[in-house]
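J.:
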Amino acid sequence: MWPFPLRGFNREYVTADKAKVFHSLRHNETETLKQAGTQEVVIAEIMGHANDSMTMSRYGKRYQPKVLLDALGHLNYGIEIPAWKVLL
Numbered sequence: 000m001w002p003f004p005l006r007g008f009n010r011e012y013v014t015a016d017k018a019k020v021f022h023s024l025r026h027n028e029t030e031t032l033k034q035a036g037t038q039e040v041v042i043a044e045i046m047g048h049a050n051d052s053m054t055m056s057r058y059g060k061r062y063q064p065k066v067l068l069d070a071l072g073h074l075n076y077g078i079e080i081p082a083w084k085v086l087l
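In case it helps, numbering that gives the first Met the number 0 puts the sequence shown at residues 0 to 87.
(1) So, lysine 33 versus isoleucine 42, is the Cβ gap smaller than 8 Å?
(2) Tell me whether lysine 65 is buried or exposed, calling it buried when 16 or more other Cβ atoms sit within 10 Å of its Cβ.
(3) Which of the three DSSP states, helix, strand or coil, is assigned to threonine 29?
(4) Grab me the residues of threonine 31's own chain with a C-beta within less than 7 Å of its C-beta, minus the 5 sequence neighbours each way, in chain order.
(5) Provide the residue span of the alpha helix (DSSP H) that contains alanine 43, from first to last.
(6) Here's the rule I'm using: 16 or more other beta-carbon atoms within 10 Å means buried, otherwise exposed. How should alanine 15 be labelled?
(7) Under three-state DSSP, which class holds lysine 65?
(8) For my contact list, alanine 70 and threonine 37 are in at a C-beta cut-off of 8 Å; report their separation, rounded to the angstrom.
(9) Pull up the distance between the alpha-carbon of tyrosine 76 and that of asparagine 27, whole angstroms please.
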């Protein structure tokens with residue numbers, strides 16, 4: 000067993016490129032959503048980050064799934080995810 004399971008999985012099944020790590024995906028998603036004009040608070044919710052704004056964290060509700068799915072529609076990895084098509 001690998002000491003870092005995701006690293007071992009990546010090397011064996013994804014890429015041998017040591018510059019590409021699990022968080023490369025998160026960086027790419029964040030940058031793609033940002034460049035597509037997605038609001039920072041929507042990106043934060045997609046990424047699972049806490050909202051630091053007192054107003055939004057105290058009085059605001061989570062985004063509706065449709066809003067998040069619309070934002071995720073900007074991501075393209077060159078693969079088809081059939082379940083998303085139903086939701087979008």
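All C-beta atoms, glycine included, are put in the ideal place defined by N, C-alpha and C.
Everything numeric in this text was worked out from a predicted model, so none of it was measured.
T.: Reading from the atomic positions:
(1) yes
(2) exposed
(3) helix
(4) His73, Leu74, listed in sequence order.
(5) 39-46
(6) exposed
(7) helix
(8) 5 Å
(9) 10 Å
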